[in-house]
Amino acid sequence: MMFLLGPSLEVRPMEAGTYETPGPELRRKRSRLGTDASTGSSFDSETFSPTPRYPVQVAPGFSPQPSERVYPTEILRRNGLVVIINNFTEEREGSELDVRHIQRVFDGLLQYTVLTGPGYTNLSRELLDSKLQHIKDMLQEPPGYNRFFLIILSHGDKDGIRTCKTDGKTWDNKIITVNEITEIFRDTPLMIDLPKVIIIQACRGEDHQKATLRPDTCPVDDTEYLNLQMENLRIQISTPIDADNLVAYATTPGHIAWRQTDKGSWFIYNLCQVIDTYHRNEHFVDILTETSRRVADLTLPLESNGIKTVAKQMPIFVSTLRKKMYLIDT
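Quick note: the sequence shown, position 82, residue 104 per this note's numbering, numbers continuous.
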């Protein structure tokens with residue numbers, strides 16, 4: 023199901039078209055709707071260290087080693103492998119921008135291997151099963167990869183992720199669940215004790231995430247905005263059973279994930295910005311947390327039957343990671 027939003031819609035504060043310039047520290051600036059059009063990424067005026075250092079109390083006889091707390095970036099292994107599955111491309115206008123953002127940070131910046139293109143686009147359930155098995159085989163080819171990211175951009179329903187016909191717009195009446203995906207990669211010897219990440223950009227229902235208004239929130243004005251669409255995907259949240267897995271969703275269960283046809287989705291756009299800025303000194307869970315904050319700060323004005331309201335979006339992730347996962351060698 024696809025919804026095209028009307029001309030009275032506006033997104034604030036995702037109006038800038040450039041990425042942030044990395045800085046040595048985060049600056050938080052309390053934003054006010056209608057006054058800050060940076061990128062939704064400003065902070066409070068106070069400055070803080072993203073990873074404060076405190077004295078650590080160590081139990082007698084215990085001497086933690088870096089390898090026990092941080093996933094290794096092994097010299098003998100390849101860098102990370104990133105696979106982008108992009109379905110329903112004829113209906114999900116703007117998703118090609120998500121692919122570009124992902125390629126820019128993972129390929130251009132982090133020097134990971136990124137697989138995308140015709141062989142990973144508009145896949146039926148049968149083709150997706152075959153592709154995932156092929157990816158599993160790749161992960162088991164020596165010397166292996168030190169990280170694995172599977173990024174899925176698609177529609178779906180309450181039972182799972184929808185697969186589609188090769189026309190890029192027709193559902194093949196089949197789904198794949200997150201549990202089925204994690205099961206495929208569970209028995210991958212060369213990825214044992216290494217992080218495996220699944221990122222899902224899609225709606226998980228049709229409800230609008232409501233806003234909790236703060237005292238400093240300004241009223242929102244109606245202005246024309248024709249470049250928004252929403253995806254209709256409801257996926258049951260699935261907690262990974264095995265260790266070293268992380269599943270990140272663009273939004274909480276039952277709610278809409280927003281996508282702009284001229285910038286891409288809120289979640290992927292901001293995730294790539296945060297990676298761009300903090301990949302050298304932040305581990306991935308902190309990167310996701312900062313992404314969640316930025317997306318949560320975005321506001322979409324809505325009007326129905328003369329009643330004005332605002333919609334929000336709240337990303338969520340489920341993790342069984344046992345160590346800190348940095349994106350580059352620290």
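The C-beta atom is built at its ideal place from N, Cα and C for all residues, glycine as well. From a predicted model like this one, the values you see are computed outputs, not experimental measurements.
The residue among Val332, Val317, Ala272 and Lys153 with its C-alpha nearest the C-alpha of Ile338 is Ala272. Shortest Cα-Cα distance from Phe306 to any of Thr342, Arg281 and Trp280 involves Thr342. With at least 16 other beta carbons inside 10 angstroms of its own, Ile309 counts as buried.
Taking C-alpha positions only, Phe170 is separated from Asn327 by approximately 47 Å. Residue burial annotation: Ser152 is exposed, with fewer than 16 other C-beta atoms found within 10 angstroms of its C-beta.
Every alpha helix (DSSP H) of 4 residues or more that sits fully in the stretch 143-197 is shown, in chain order, as 147-161. It is roughly 6 Å from the alpha-carbon of Asn101 to the alpha-carbon of Asn168. For Ile278, there is no enclosing alpha helix (DSSP H), since its DSSP letter is neither H nor E. In this structure Ile214 is exposed. Its beta-carbon is surrounded by fewer than 16 other beta-carbon atoms within 10 angstroms.
In the same chain as Thr313, and ignoring 5 residues on each side of it, the C-beta atoms closer than 6 Å to its own belong to Asn292, Leu293 and Val296, in chain order. Leu349 and Leu132 do touch by the CB rule: their CB atoms are close to 6 Å apart, below 8 Å.
When rounded, the separation of the alpha-carbon atoms in Asp179 and Ser117 is 19 Å.
Per the DSSP secondary-structure output, Gly328 pairs with nothing in a beta bridge.
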